[in-house]
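The listed protein sequences correspond, in order, to chains W and A.
If you count by our numbering, then the first sequence holds residues 8 to 368, one letter each, in order.
If you count by our numbering, then the second sequence holds residues 8 to 368, one letter each, in order.
The beta carbon of each residue, even a glycine, is placed where N, CA and C say it ideally should be.
Keep in mind that this is a model prediction, so the values were computed, not measured.
One structure is given here, and the rest of the page talks about it.
Number of protein chains: 2
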Amino acid sequence: MSVTLKDVAQAARVSVSTASRALTGTGLTSERTQQRLMHIARELGYRPNPIARGLKTGQSRLVALLVHNLTNASFQVMAEVVQARLKALGYQMLLCIGGDDPQQESDTLTTLVDHRIDGLIVVPTGKNGAQLETLSKDVPIVCLVRRDDATDLETVLADDPQGAYLGTRHLIELGHKRIGLIVGRQDTTSGRERLSGYVRALREAGIARDDTLVHAGHYVPETGATCCRKLLDHPRPPSAIFVANHEATLGVLRVTAERNIAIPDDLSLLCYEDMPWFEWHRPAISIVDNGARDLANLAVDRLLHRMDVKGNGSDGVREYRVGARLIQRDSCRQIDTPGPAKSAKSKSPSPKSSAAKSAKV
Amino acid sequence: MSVTLKDVAQAARVSVSTASRALTGTGLTSERTQQRLMHIARELGYRPNPIARGLKTGQSRLVALLVHNLTNASFQVMAEVVQARLKALGYQMLLCIGGDDPQQESDTLTTLVDHRIDGLIVVPTGKNGAQLETLSKDVPIVCLVRRDDATDLETVLADDPQGAYLGTRHLIELGHKRIGLIVGRQDTTSGRERLSGYVRALREAGIARDDTLVHAGHYVPETGATCCRKLLDHPRPPSAIFVANHEATLGVLRVTAERNIAIPDDLSLLCYEDMPWFEWHRPAISIVDNGARDLANLAVDRLLHRMDVKGNGSDGVREYRVGARLIQRDSCRQIDTPGPAKSAKSKSPSPKSSAAKSAKV
DNA sequence: AGCGTTTCTGCAATCGTTTGCAATTTATCG
DNA sequence: CGATAAATTGCAAACGATTGCAGAAACGCT
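The following block contains the structure:
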């Protein structure tokens with residue numbers, strides 16, 4: 008159907024091997040024939056067949072990204088970043104959706120290696136450590152966002168302790184002393200780490216920790232709603248709530264709206280992870296940005312590095328942390344001074360203005 | 008490295024060809040040897056190499072989905088649906104992001120055919136008709152959501168005229184006579200079609216069309232904000248706004264919040280396309296659902312059909328329309344009867360309750 | 001037993017590349 | 001100019017599967 012290397016070789020009256028060498032630029036052909044062949048190849052519209060090449064070289068120029076879903080905004084930007092980076096290097100991204108389900112993850116992993124992918128970036132469920140470990144013998148693997156403790160794979164993580172610390176400290180600096188926390192399940196790393204950052208900030212500020220202000224649960228809107236109600240019904244309710252996940256934020260917003268609680272006047276709200284509409288919400292929602300973009304970029308960097316260094320040479324470093332940063336918008340206010348919220352000054356929440364206000368760790 | 012067909016054959020003391028035939032189940036081997044080989048293959052952990060197979064058969068078991076981005080909620084669910092369906096059939100999905108940019112689309116398309124994908128579902132930019140047409144000689148292609156007028160490729164479209172009609176009629180039935188419309192650019196099919204549905208509903212109801220209530224623009228939040236302001240500043244402002252795109256919705260929500268306009272009491276709001284948080288917003292936002300899930304499923308169906316029928320046999324049908332449906336939530340109210348909004352009864356907007364209320368076309 | 005069928009198996013070619021090795025050409029230098 | 005080294009080139013064997021063709025085995029039948 009399409010034009011093959013043989014066609015090119017014939018047209019140029021050389022052997023297939025010469026053609027191959029000329030076009031792949033091994034430097035083993037004379038300048039002249041190389042030029043000539045490249046010209047003819049272009050003329051004929053020759054495009055090498057990656058499958059045939061893959062069979063011989065064992066490479067596919069395919070890199071897979073395995074994430075839990077696409078509804079999570081972080082995963083979206085990660086997917087976009089990874090795709091863009093890889094494409095620029097002549098790789099195609101194979102995007103797989105594992106649904107955070109170990110069985111699916113396992114299945115997908117085997118198909119992927121079957122397809123002889125050249126690299127893999129995976130957000131592990133944590134239940135297939137052994138398999139990942141085995142696969143990493145064949146294929147460079149980088150873990151993203153989550154660590155699989157059963158492996159010692161290179162892992163790119165968000166700095167959750169730092170992010171939660173930053174956020175909590177911000178609220179404390181605004182004068183808040185009773186800060187509610189809605190956080191993920193404590194059997195997940197991120198859940199634990201975000202809690203620890205919160206605790207550290209309180210301790211540093213000399214504020215006694217009150218566990219009745221801390222609620223943990225799944226990252227779903229319902230959790231946010233339930234926990235929010237509990238916090239609001241507390242005998243001494245918090246003046247600020249830190250929602251350590253954007254899904255839960257939905258529930259919190261709904262409950263506060265239902266009860267006519269004005270943000271930030273009656274209650275300050277700070278969230279973790281950005282969503283495109285946070286900026287357009289009224290009030291615009293302040294967040295701790297986990298740096299999805301940076302995470303994805305770093306993961307790609309590390310993967311490319313591993314793919315270069317054949318034999319999967321390691322650098323010793325096994326874990327990378329990407330700094331979180333605070334993006335102040337309009338949902339948190341100074342609590343000492345009654346009056347207009349301190350940080351609610353921006354009229355139009357253009358990306359520019361919020362970027363200017365954001366503080367790098 | 009991994010175990011090959013040859014290894015299996017050797018272990019079973021048969022030739023590679025017999026092994027191949029037994030394992031692919033061509034029915035050309037005796038029952039006994041087939042069983043024996045399958046057993047040995049399993050024992051050895053043999054997994055066929057898709058690359059080698061692909062070289063011979065010209066197939067890759069790879070199907071590509073080319074969309075504009077992943078921030079659009081419709082594309083997210085489409086990607087998830089397509090991935091799930093294909094995986095069940097032993098295909099891998101290659102997700103590509105074209106950014107609605109003709110150049111990128113063109114590049115991506117060539118790499119994809121290079122990789123000998125078995126099928127392609129594409130949301131076309133509309134600028135690469137010729138190329139698509141050519142490729143469709145080699146690979147089954149189905150267009151999704153957008154039509155490329157330069158081709159006569161099979162296309163799965165949302166029924167935008169019907170959706171806009173449905174939405175507008177709903178508002179009219181609630182007693183609205185002045186209905187603002189914020190719609191997409193009129194050089195896009197969807198922009199034109201949604202406008203036409205709106206117009207038809209008005210005409211059927213005998214309501215005079217007032218073009219000062221209609222604003223067209225790009226599908227971005229800023230457009231929504233600007234158009235919304237114009238509508239509100241109108242000498243005879245509308246009692247309802249139909250926002251024909253979810254991105255623009257963000258802008259509208261912000262402006263109404265800024266001006267303290269209560270929804271639905273002061274203004275009814277109806278949007279096009281769902282977003283996960285619409286249901287959690289206060290008030291929950293009523294929408295016209297374009298049926299992203301159905302669209303994706305149908306596109307997969309059509310693609311599979313084309314992939315089965317070798318030689319790309321066509322059925323004559325070139326265009327499929329997937330019905331839109333109205334999902335009533337809490338953002339539109341009856342306008343004649345002052346008092347509580349008619350359609351704002353559901354306390355907790357669980358998926359169940361809204362599904363129960365939704366009307367299929 | 002002999003013969004024709006049918007069923008099963010193996011040989012070998014093939015898909016489009018890459019690559020080790022040997023053969024050929026070209027350049028270099030005394 | 002001839003010998004030797006260096007630069008090019010071609011031959012042929014891979015990579016791991018599938019498949020047409022022909023030979024072998026098994027079967028039924030007279």
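- At least one beta carbon of chain A lies nearer than 7 Å to the beta carbon of Asp121/W.
- Taking the Cβ atoms as the reference, Ile104/A lies roughly 7 Å from Leu77/A, within the contact range of under 8 Å.
- Under the Cβ criterion of 7 Å, Pro228/A is counted among the residues facing chain W.
- Contact with chain A is absent for Leu276/W, since none of that chain's Cβ atoms lies less than 7 Å from the residue's Cβ.
- With at least 16 other beta carbons inside 10 angstroms of its own, Pro131/A counts as buried.
- Between the alpha carbons of Ala223/W and His253/W lies a distance of about 14 Å.
- In the three-state reduction of the DSSP assignment, Ser293/W falls in the strand class, which pools E and B.
- Using beta-carbon distances, Pro109/W does not count as an interface residue toward chain A, since no partner is under 7 Å.
- Ala18/A and Lys134/W have their C-alpha atoms some 33 Å from each other.
- Remark: fewer than three beta-carbon pairs, one from each stretch, lie closer than 8 Å, so the region 266-273 of chain A and the region 296-303 of chain W are not flagged as touching.
- Judged by DSSP secondary structure, Phe249/A falls within the beta strand (DSSP E) whose first and last residues are Ala247 to Val250.
- Residue ranges of uninterrupted beta strand (DSSP E) with 3 or more members, entirely inside the region 77-159 of chain W and ordered along the chain, are 99-104, 126-129 and 148-151.
- Rounded to whole angstroms, the gap between the alpha carbons of Gly174/W and Cys339/A is 37 Å.
- Close to Thr118/W, with beta-carbon spacing below 7 Å, are these residues of chain A in chain order: Gln99.
- Among the residues facing chain A, Ile294/W is not included, as its CB has no counterpart in that chain under 7 Å away.
- A direct Cα-Cα distance of roughly 13 Å separates Ala232/A from Leu188/A.
- Around Gly258/A, the beta-carbon contacts reaching into chain W at under 8 Å are Trp287.
- For Gly191/W, no alpha helix (DSSP H) segment is defined; the enclosing uninterrupted segment is the beta strand (DSSP E) at Ile186 to Gly191.
- In the structure shown, Leu277/W adopts extended strand secondary structure according to DSSP, grouped into three states.
- Neighbours of Ala86/W across chain A, judged by C-beta separation under 7 Å: Leu77.
- DSSP, read as helix, strand or coil, puts Glu161/W in coil.
- Around Val84/A, the same chain offers Ala299, Arg300 and Ala303 as residues with beta carbons nearer than 8 Å, after the five sequence neighbours per side are excluded.
- Distance from the Cα of Pro168/W is smallest, within the candidate group Gln111/W, Gly182/W, Arg199/W and Val262/W, for Arg199/W.
- The region 148-165 of chain W and the region 90-100 of chain W do not touch, with fewer than 3 CB-CB distances between them shorter than 8 Å.
- If you look at Ala223/W, you'll find it in the beta strand (DSSP E) that goes Val221 to Gly224.
- For Gln138/A, no CB of chain W lies under 7 Å from its own CB, so it is not counted at the interface with that chain.
- Straight through space, the alpha carbons of Arg60/W and Ile128/W are spaced by roughly 23 Å.
- Using a Cβ-Cβ cut-off of 9 Å, Ala264/A is close to His288, Arg289 and Pro290 of chain W, given in chain order.
- Within the same chain, Cβ atoms closer than 6 Å to the Cβ of Val250/W are found at Ile189, Thr256, Val259 and Cys278, the five residues on either side in sequence being excluded.
- If you compare the alpha carbons of Gln111/W, Gly213/W and Lys63/W with that of Val74/W, the shortest gap goes to Gln111/W.
- Ranked by Cα distance from Ile179/A, the first of Arg201/A, Ala208/A, Arg192/A and Arg54/A is Ala208/A.
- Arg328/W carries a strand assignment under DSSP once its states are collapsed to helix, strand and coil.
- The closest CA to that of Leu164/W, considering only Asp337/W, Arg328/W, Gln335/W and Leu311/W, is found on Arg328/W.
- Following the DSSP letters along the chain, one finds Ala16/A inside the alpha helix (DSSP H) bounded by residues Leu12 to Ala19.
- Put simply, the CB of Ile248/A is far from chain W, with every gap to its CB atoms at 7 Å or more.
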